[in-house]
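Residue numbers (UniProt numbering), protein chains in the order written: chain A, 1 to 156; chain B, 1 to 156; chain C, 1 to 156; chain D, 1 to 156; chain E, 1 to 156; chain F, 1 to 156.
In structure tokens:
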């Protein structure tokens, strides 16, 4: 049976030892979406037209969350991130988030990209929840990663 | 047009003033799910049978994240949480998370419940990602809330 | 000689005991300014015209910092803030920040307002520092406070 | 017109990609000052004579804040700091702070030095605010930086 | 058999629900000690005579850690602390720490007092470890607590 | 007289400058123990048999605390940890914790290992405190360290 790397032979959780790995450039891209009512989507886009604070706040929240990933996910390694971008596209039924994170270190940045997306979408949720309580966050997944021993990978 | 409460008349983001609201008991329940390959799901459940560390780690991560919500979501009010439970049910294609959060304060705890669910599922993702890169987190939504001026509400 | 309330009779620092104080509504307003070259000020205002991300990012950073005050200032009491607004006015030689913070608790929120202003201005600094290394942050001070035993106060 | 490096061509904030930069030794020095009444300044110096807790607390707060910089300033890169010193000089009308921060990494430490100075001065403010509500923090600026592609620089 | 309140009937960890409890004044005192070589103890006391920075730094670290308790201990409730004092007594074989923490809330502050003591002693360890690698932290325990339904208690 | 490295010649605390040191692999192991009544020890082991949440929660808390060390201990350098394991052995009178931490950096990880042990034991305390208020945490000490200029060392 396949093994979980974060669980040792006795069943205990651990932060996997990556001491022996080389520092190499790493990049990961993740996406996700929040679906909402037309009314809420319209308000977000209108807010954005005015001064950009809705998507602007969510973007900042997501970028800051990428830096907090190892404080949130118990077994994640702390990493000196070297770049984070976060795109937020609002349409008439929701907002799609795409985060790309880079580092030069011993392990990948998938979790940082996924955390950035998740917190950005939760921030949109928070700012629109007075208008729609039935919003759903979904499709949070990895799109591509590069660097490291495992090589490059992209979702089909 | 409906207004976004977190954006003032000039378009600037703000933490909404709830100073005038009474402290009342509040509760919110949120759910979400991570879908994964049968292989990954089997490994998580096997790990769980042994010592429970996979779902146990995710549960702790989610509970701790509920307490960090106002540090993650820019315009959330800091709240003295009075209770958090987080249920994680693993089946043969993924894990479903359900969080219930309580406080006695001037504003609700929807964001805390949603954050607990999101970080718990991201923790499962982290621990299983060596087995499956195509996992998807979705269906993150509010199920019910009670307390406060707006009264009780439940998703249909 | 006047005494420092945060230092006990033996000279040791302490978090002052406010257990006996009543919870009352509190508000504080602080201001500050970053002075910069015309070139940097123009770029910030141009950025702001486009999508608002410069001042928007600084506003979010300042609001989040208000919530972190007790984590930054060693002897500050943790407070459940009930409202934060942060105004940022860019002109042709810099940006002026004005923060107003509210709580209903046993102690005031001056430090939260001052911290919000300071971190917002440092965020502006960060985003403009490639254009001007000689920017100066100054005039960070309390403008007004209300609530609590000491009563209302305003700077002349 | 000069461009803001933290804003992309579409106007969105980003953490600038420094992945391609080399790790080089970096150092930055910043200063700032809090001006206060003679009474408050005397109390601080008296406290300092006794056991040093006023300036000692501010020094510790500033050093710890340097380490939190990337958690406070949204687009700052997290950096493994290799040294921080913080000098606090009290005179009869205030306290002057000077922070020097070092790292060996892909980007500079100006923001860390400025953050250390700002939080140290806010800590002095907090400890003296019962004696003087009119204190002003100012002259927060970069004095010198070295390392990196841009080379050395010092304020005139 | 006695039950663990933090584990539900299915064996899952939870933050115990205290929503129904009244806000009452609470206080807890904890102590602990670090034992060290005469050389290290002498250096700490000499440092303390000069400017007090060794014990001063440890005191600040302990007070700040009290405020972080709910961020460190997974199932602790976040509490608005209303007072923290931390006494550090250096003698010729070590340092004894005594912390007293107060709040007015629904649950006690034992963990905050114990965390303050632990982190203060770890800070002493850090600052003296170049002189003695065999230091031992021990006797970390609760001395007294008051408030709440369970009433007052003191160690014999 | 021996000098404290964290105190400069004027008596001020500082984060020691390690800029000139090489990045080398480092490892440190620390241990500690919480002593408790037979009743509390039995409940913990029973809980552990069921789903492992008591020791599982403490293990996660300790691993996460290792990553927060530089945020807790004022003069500790922030370090990109490359591995953390935390063993918790429950017997009929308490729990013994052993943490091993690794990095490849300019300074050692003793404080990270000691912090992981301390917070893991405080978490056990928190979860068992309703059963026994007289628990004592002790024997928190360094067992071994390797790497760096000082070379390897082990407690006798």
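Positions of the beta carbon are idealized from the N, C-alpha and C atoms, including for glycine.
Residue 145 (chain D), DSSP secondary structure in three states: Taking the fourth chain and counting its residues from 1, the one referred to as residue 145 (chain D) is at position 145. Of the three classes helix, strand and coil, the one that applies to residue 145 (chain D) here is strand, per DSSP.
If you count every other CB in all the chains shown that lies within 10 Å of the CB of residue 87 (chain A), and 16 or more means buried, which is it? Locating residue 87 (chain A) in the first chain gives position 87, counting from the first residue. Classification of residue 87 (chain A): buried, given that the 10 Å Cβ count is 16 or more.
Under a CB-based cut-off of 7 Å, is residue 111 (chain D) close to chain C? Counting from 1 along the fourth chain, the entry for residue 111 (chain D) is found at position 111. So, interface residue.
Quick one: give me the first and last residue of the alpha helix (DSSP H) that residue 131 (chain B) is part of. Within the second chain, the letter at position 131 stands for residue 131 (chain B). No alpha helix (DSSP H) contains residue 131 (chain B), which DSSP labels as neither H nor E.
Taking the CB atoms as reference points, tell me whether residue 11 (chain D) and residue 53 (chain C) lie closer together than 7 Å. The residue given as residue 11 (chain D) occupies position 11 in the fourth chain. The residue given as residue 53 (chain C) occupies position 53 in the third chain. A Cβ-Cβ contact shorter than 7 Å links residue 11 (chain D) with residue 53 (chain C).
Is the Cβ-Cβ distance between residue 128 (chain F) and residue 92 (chain F) less than 7 Å? Locating residue 128 (chain F) in the sixth chain gives position 128, counting from the first residue. Locating residue 92 (chain F) in the sixth chain gives position 92, counting from the first residue. With a cutoff of 7 Å on beta-carbon distance, residue 128 (chain F) and residue 92 (chain F) are scored as not near each other.
In whole angstroms, what separates the C-alpha of residue 49 (chain D) from that of residue 43 (chain D)? Along the fourth chain, read from residue 1 onward, the residue named residue 49 (chain D) stands at position 49. Along the fourth chain, read from residue 1 onward, the residue named residue 43 (chain D) stands at position 43. Confidence at residue 49 (chain D) is low in this model, with a pLDDT of 46, below 50, so the placement of that residue should be treated as unreliable; the coordinate-derived value is given next. It is roughly 10 Å from the alpha-carbon of residue 49 (chain D) to the alpha-carbon of residue 43 (chain D).
Within-7 Å CB hit, residue 84 (chain B) to chain E: Your numbering for residue 84 (chain B) matches position 84 in the second chain. It does: the Cβ of residue 84 (chain B) has a partner Cβ on chain E nearer than 7 Å.
Excluding the 5 residues preceding and the 5 following residue 116 (chain A) in the sequence, name in chain order all residues of the same chain whose CB lies nearer than 6 Å to its CB. One-based indexing of the first chain puts residue 116 (chain A) at position 116. The answer, listed in chain order, is 62, 65, 66, 86 and 99.
Chain-ordered neighbours of residue 79 (chain B) on chain C, where CB pairs are closer than 9 Å: Looking up residue 79 (chain B) in the second chain gives position 79. In chain order: 80.
Nearest residue (CA-CA) to residue 73 (chain B), options B:8, B:136 and B:14: Position 73 of the second chain, counted from the start, is the residue given in the question as residue 73 (chain B). The shortest C-alpha separation from residue 73 (chain B) is found at B:14.
Beta-carbon separation of residue 60 (chain A) and residue 57 (chain C) under 7 Å? By 1-based counting over the first chain, the position of residue 60 (chain A) is 60. By 1-based counting over the third chain, the position of residue 57 (chain C) is 57. In this structure, residue 60 (chain A) lies near residue 57 (chain C), with their beta-carbon atoms less than 7 Å apart.
Residue-level contact to chain D via CB, residue 60 (chain E), 7 Å cutoff: Translated into the one-based positions of the fifth chain, residue 60 (chain E) becomes position 60. At least one chain D Cβ lies under 7 Å of residue 60 (chain E).
Could you please tell me which residues of the stretch 27–39 of chain A, in chain order, have their CB closer than 7 Å to any CB of chain I? Chain labels in this structure do not include chain I; the protein chains are A, B, C, D, E and F.
Residue 111 (chain D) by DSSP, collapsed to three states: which one? Sequence index remark: in the fourth chain, residue 111 (chain D) carries index 111 (1-based). Residue 111 (chain D): helix per DSSP, three-state reduction.
Give me whichever residues DSSP pairs with residue 35 (chain C) in a beta bridge. The residue labelled residue 35 (chain C) in the question sits at position 35 within the third chain. Its beta-bridge partners are C:94 and C:136.
Return no unless some Cβ of chain D is closer than 7 Å to the Cβ of residue 145 (chain A). Counting from one through the first chain, the residue named residue 145 (chain A) turns up at place 145. So no, residue 145 (chain A) is outside the interface.
Using a Cβ-Cβ cut-off of less than 7 Å, give me the residues of the stretch 10–29 of chain C that come near chain E, in sequence order. Listed by position along the chain: 12, 13, 14, 15, 16, 17, 18 and 19.
Examine chain F for any beta-carbon lying closer than 7 Å to the beta-carbon of residue 55 (chain E), and answer yes or no. For the purposes of this step, residue 55 (chain E) is identified with residue 55 of the fifth chain, where counting begins at 1. Chain F contact via Cβ: absent.
Looking only at C-alpha atoms, which of E:24, E:20, E:17 and E:19 sits nearest to residue 19 (chain C)? Taking the third chain and counting its residues from 1, the one referred to as residue 19 (chain C) is at position 19. Per the Cα distances, E:24.
Less than 7 Å between the beta carbons of residue 114 (chain F) and residue 114 (chain E), yes or no? In the sixth chain, the residue the question calls residue 114 (chain F) occupies position 114. In the fifth chain, the residue the question calls residue 114 (chain E) occupies position 114. Result no, Cβ atoms of residue 114 (chain F) and residue 114 (chain E) do not sit closer than 7 Å.
Option in D:69, D:107, D:38 and D:76 with minimal Cα separation from residue 21 (chain D): Here residue 21 (chain D) is taken as the residue at index 21 of the fourth chain, counted from 1. Checking every option, the nearest Cα to that of residue 21 (chain D) belongs to D:107.
Among F:33, F:77 and F:152, which has the Cα closest to the Cα of residue 6 (chain F)? The residue you call residue 6 (chain F) lines up with position 6 of the sixth chain. Taking only the C-alpha atoms, the option nearest residue 6 (chain F) is F:77.
Candidates C:110, C:156 and C:16, of which the one nearest residue 75 (chain C) by Cα: As a working note, residue 75 (chain C) is residue 75 in the third chain. Looking at the Cα atoms, C:16 is the closest of the given residues.
With residue 141 (chain E) and residue 31 (chain E) assumed to form a contact (beta carbons below 8 Å), what rounded beta-carbon distance in angstroms separates them? Stepping through the fifth chain from its first residue, residue 141 (chain E) is reached at position 141. Stepping through the fifth chain from its first residue, residue 31 (chain E) is reached at position 31. In this structure, residue 141 (chain E) and residue 31 (chain E) form a Cβ contact; the two beta carbons are roughly 7 Å apart against a cut-off of 8 Å.
Taking just the CA atoms, how far does residue 27 (chain B) sit from residue 79 (chain B)? If you number the second chain from 1, residue 79 (chain B) lands on position 79. If you number the second chain from 1, residue 27 (chain B) lands on position 27. Rounded to the nearest angstrom, the two C-alpha atoms are 12 Å apart.
So, using beta-carbon positions, are residue 126 (chain C) and residue 37 (chain C) closer together than 7 Å? Within the third chain, the letter at position 126 stands for residue 126 (chain C). Within the third chain, the letter at position 37 stands for residue 37 (chain C). No; because the gap between Cβ atoms is not below 7 Å, this pair is not in contact.
For residue 110 (chain A) and residue 145 (chain A), believed in contact at Cβ under 8 Å, the rounded distance: Along the first chain, read from residue 1 onward, the residue named residue 145 (chain A) stands at position 145. Along the first chain, read from residue 1 onward, the residue named residue 110 (chain A) stands at position 110. Indeed they touch by this definition, with Cβ atoms about 6 Å apart.
Per-residue DSSP class, three states only, for residue 101 (chain C): If you number the third chain from 1, residue 101 (chain C) lands on position 101. If DSSP states are grouped into helix, strand and coil, residue 101 (chain C) belongs with the strands.
Would residue 161 (chain B) pass as a contact of residue 103 (chain B) if the rule is Cβ separation under 7 Å? For residue 161 (chain B) there is no data in the structure shown, the boundaries of chain B being 1 and 156.
Exposed or buried, what is residue 150 (chain D) when buried is set at 16 or more other beta-carbons lying within 10 Å of its beta-carbon? Locating residue 150 (chain D) in the fourth chain gives position 150, where the first residue counts as 1. Here residue 150 (chain D) is exposed: its Cβ has fewer than 16 other Cβ atoms, across all protein chains shown, within 10 Å.
Contact set between residue 106 (chain E) and chain B, taken where Cβ atoms lie within less than 7 Å: Walking along the fifth chain from the start, residue 106 (chain E) turns up at place 106. Those within 7 Å of residue 106 (chain E) in chain B are 82.
Would you call residue 154 (chain D) buried or exposed, if buried means 16 or more other Cβ atoms sit within 10 Å of its Cβ? Translated into the one-based positions of the fourth chain, residue 154 (chain D) becomes position 154. That one is exposed.
Of all the options E:130, E:134 and E:138, which has the alpha carbon lying nearest to the alpha carbon of residue 119 (chain E)? Against the fifth chain, residue 119 (chain E) aligns to sequence position 119. Looking at the Cα atoms, E:138 is the closest of the given residues.
Chain F beta carbons: is any one of them nearer than 7 Å to that of residue 127 (chain D)? The sequence position of residue 127 (chain D) within the fourth chain is 127, counting from 1. Closer than 7 Å: no.
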